[in-house]
Amino acid sequence: MGSLLRSSLRSRRGTVSLIAVLQIAQALAALLLPTFNATLIDDGVLRGDTGLILRLGGVMVAGTLAQVLCSAVVGALAARTAAAVGHDLRAAVYAKVQSFSSREVGRFGVPSLITRTVGDVQQVQTLVFMGLTGLAATPMIFLGGVVMALRQDLRLSTLLLVALPALSAVLWVILRRLTPLSQATQRGVDQINRLVREQIAGVRVVRAFAAEDRERARFGEANGALMGFAVRAARLTTVMYPAGMLIGNLCGVAVVWYGGHLVDDGVTQVGSLVAFLNYLAVILGSALLATFTVLAAPRARVSALRVREVLETGTEPDTSPADTDPTWRGRMWKGEVEVRDAHMHYPGAEEPVLRGVNLLVRPGETVAVVGSTGSGKTTLLTLVARLLDPTGGRVLLDGTDVASLPPEEPAGVVGLVPQRPYLFSGTIAGNLRYGRPEATDAELWHALEVAQARDFVEALPEGLDTPLGQGGASLSGGQRQRLTVARALVARPRVLLLDDPFSALDPVTERALADALARETRDVAVVLVAQRISSTRHADRLVVLDEGRVAGSGTHEELMASCPAYREIVFSQTGQEVAA
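The opening residue of the sequence shown carries number 8 in our numbering; numbering runs sequentially from there.
As structure tokens, then:
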């Protein structure tokens with residue numbers, strides 16, 4: 008956690024230094040006031056010296072005002088600095104997650120990444136604020152209070168030898184038990200987020216299977232576990248203040264009893280006794296204040312480790328500047344794609360998804376990739392889009408290995424229509440311009456026309472300015488799919504990757520969209536993943552994947568004659584569909 012906080016505060020050393028200076032001034036005022044009070048009582052009140060009372064009273068008022076002013080400025084600066092640290096950490100985590108491949112996202116899980124970006128960063132931000140407000144003042148007041156108490160009366164100071172170890176022992180026991188509870192609490196929050204996300208996203212499935220009670224029980228179990236961790240942590244936390252007050256009050260009673268005897272014996276003065284009581288309150292108060300900061304540390308430490316885990320995760324693809332091909336800048340890409348002996352093996356999987364796949368697609372050519380479920384079709388598109396790097400082999404764009412290009416360069420040349428269409432919250436126009444913000448309205452309407460989406464968008468009251476919820480939940484599956492196709496077309500890619508883009512369309516709309524795409528992409532390299540053979544009728548060539556290998560390549564007639572895997576796919580579909 009220390010390295011994360013140091014890196015976050017390094018750019019704000021000036022503000023942190025100013026906070027430290029103000030806290031030193033605040034601590035000096037807090038330490039000197041009891042001594043002035045002792046002098047005022049012994050030399051002013053008891054001797055009837057009105058002038059001394061007025062002078063010291065004025066000094067004490069000024070010191071109190073200075074202490075209040077310093078405290079207010081420190082609080083404002085600390086709040087601003089902590090908020091800035093939280094802002095920077097959230098931005099860093101968000102940027103890092105944006106660079107994650109599906110592999111890294113799957114490793115953490117979406118709910119956990121959301122918690123780390125928001126909740127964990129907030130925990131670190133809270134600790135930064137608490138730490139800055141007590142950065143210099145708390146330890147200085149504590150140590151200074153001990154020194155000043157010893158200076159006032161050594162005999163009374165022996166009581167500190169009992170109070171401080173007792174308070175330290177209570178602290179140690181609480182912190183030792185609180186750290187594992189903090190870790191369990193954060194895991195519980197992740198679990199709650201995951202369940203809520205699952206149940207909201209799958210609400211139709213839950214209702215279709217009448218599984219509300221079962222899901223309610225799952226959530227109740229996780230919610231109860233989280234409550235248990237929170238209650239146990241709260242019990243430990245709430246014990247701290249009463250324990251500190253008990254120790255402080257018992258020590259105060261002992262000081263008054265013992266100090267009263269010393270005053271009666273003429274060994275010490277009333278002012279010194281009052282000052283010692285004040286210093287005792289200062290010592291125990293600063294210890295308790297430090298305790299609350301320390302109590303926040305275990306959970307903040309867990310949160311900081313979780314944030315750092317995200318920030319230090321190696322991303323894939325990962326291209327260092329030294330590995331980047333310098334010739335890519337300013338290049339006019341033609342759009343020739345070649346996959347050369349590609350292998351892909353996901354971590355933890357027993358078998359590779361792709362085994363020695365070769366594929367060449369030239370500009371103006373449409374290649375359809377077909378195969379049974381799990382044959383590696385989507386993974387192949389993922390490699391071409393460079394959302395993942397192959398574990399073996401190469402992917403070339405115009406003869407250049409995409410691994411030698413910055414990740415954003417293939418993204419600017421390759422357009423992807425994913426298997427599951429996703430739209431962002433905002434307007435239809437904002438979604439369509441996602442890949443090319445400068446696109447005109449005329450270009451948007453043209454893309455919508457090609458994607459067979461113009462009619463339903465024109466029918467909307469606000470047209471292109473129609474607001475969409477997250478994921479485009481207000482639209483049907485077919486409408487979302489067509490808007491996703493239009494979004495890819497607006498970006499003007501040189502390579503267009505279509506992952507089963509007709510799955511949610513009726514046959515009439517599918518045929519119209521396929522015909523329009525064939526006209527629109529005459530100079531574009533198109534790779535089409537299709538489940539239905541009828542969707543491949545505009546393809547110049549078909550490639551059959553079977554268990555991660557290329558089982559055949561050619562036209563429909565050639566494959567029917569030479570590829571058993573292709574014939575099996577065709578015969579598994581209706582004769583009407585094959586004829587189409």
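Note that the Cβ used here is the ideal one computed from N, Cα and C, for glycine as well.
These figures come from a predicted structure and were not determined experimentally.
Item                                                                                                                    : Value
Distance, TYR101 Cα to ARG194 Cα                                                                                        : 20 Å
When ALA511, SER542, GLN538 and VAL536 are compared against ALA523, the one with the closest alpha-carbon               : SER542
Contact set for VAL15: own chain, Cβ-Cβ below 7 Å, skip 5 residues either direction                                     : Going by the sequence as given, residue 15 is Ser instead of Val. Cβ within range, chain order: VAL92, ASP95 and LEU96.
Nearest to SER579 (by Cα), restricted to the options VAL424, GLN538 and LEU512                                          : GLN538
Alpha-carbon to alpha-carbon, ARG214 and GLU205                                                                         : 13 Å
SER119, buried or exposed, once every other Cβ within 10 Å from all chains shown has been counted against 16            : buried
Euclidean distance between Cα positions of LEU35 and LEU134                                                             : 24 Å
Own chain, CB closer than 8 Å to THR300, minus 5 neighbours either side, in chain order                                 : LEU134, MET137, GLY138, GLY141 and THR145
Three-state secondary structure assigned by DSSP to ARG183                                                              : helix
Pick from LEU188, ARG487, GLU527 and ASP272 that is closest to SER310, judged by C-alpha positions                      : LEU188
CB contact flag (LEU39, GLY70, <8 Å)                                                                                    : yes
With 16 other Cβ atoms within 10 Å as the buried cut-off, status of ILE207                                              : exposed
Own chain partners of SER18 with C-beta closer than 6 Å, once the 5 adjacent residues on each side are dropped          : none
VAL551 - containing alpha helix (DSSP H), residue span                                                                  : Run containing VAL551: none in the alpha helix (DSSP H); it sits in the beta strand (DSSP E), 548 to 553.
Beta-bridge partners of PRO474, as assigned by DSSP                                                                     : THR434
Top-ranked residue by Cα proximity to ALA558, from GLY383, GLY437, LEU475 and LEU430                                    : GLY383
VAL360 in three-state terms, based on DSSP                                                                              : coil
With 16 other Cβ atoms within 10 Å as the buried cut-off, status of GLY132                                              : Looking at the sequence shown, residue 132 is not Gly but Gln. GLN132 is buried by the Cβ-count criterion.
Where the alpha helix (DSSP H) containing GLY58 begins and where it ends                                                : 57 to 105
First through last residue of the beta strand (DSSP E) which encompasses ARG556                                         : 556 to 561
DSSP bridge partner residues for VAL534 (one or two, in chain order)                                                    : VAL374 and LEU504
Reduced DSSP secondary structure (H/G/I, E/B, other) of PRO328                                                          : In this prediction, PRO328 has a pLDDT of 42, which is less than 50 and means its spatial position is unreliable; what the coordinates show is noted afterwards. PRO328: helix per DSSP, three-state reduction.
Per-residue burial, THR122 [other beta carbons within 10 Å of its own, 16 or more giving buried]                        : buried
Host alpha helix (DSSP H) of LEU520 (start-end)                                                                         : 514 to 527
Simplified DSSP state of GLY235, which is helix, strand or coil                                                         : helix
Bridge partners - ARG401, DSSP secondary structure assignment                                                           : ARG347
Alpha carbon of ALA521 to alpha carbon of HIS545, nearest angstrom                                                      : 7 Å
Three-state secondary structure assigned by DSSP to THR407                                                              : strand
Neighbourhood of ALA297 by C-beta distance below 8 Å, restricted to the same chain and skipping five residues each side : GLY141, THR145, PRO146 and PHE149
Outcome for TYR248 when other beta-carbon atoms lying within 10 angstroms are tallied against a minimum of 16           : exposed
Of the listed residues VAL536, GLY321 and LEU430, nearest to VAL112 (C-alpha basis)                                     : GLY321
Cβ pair PRO500, VAL420 closer than 8 Å                                                                                  : yes
CB of SER109 within 8 Å of CB of LEU412, strictly                                                                       : no
For GLY422: DSSP bridge partner residues                                                                                : LEU503
Length-filtered (3 minimum) beta strand (DSSP E) runs lying within the stretch 233 to 276                               : none
LEU166 - DSSP class collapsed to helix/strand/coil                                                                      : coil
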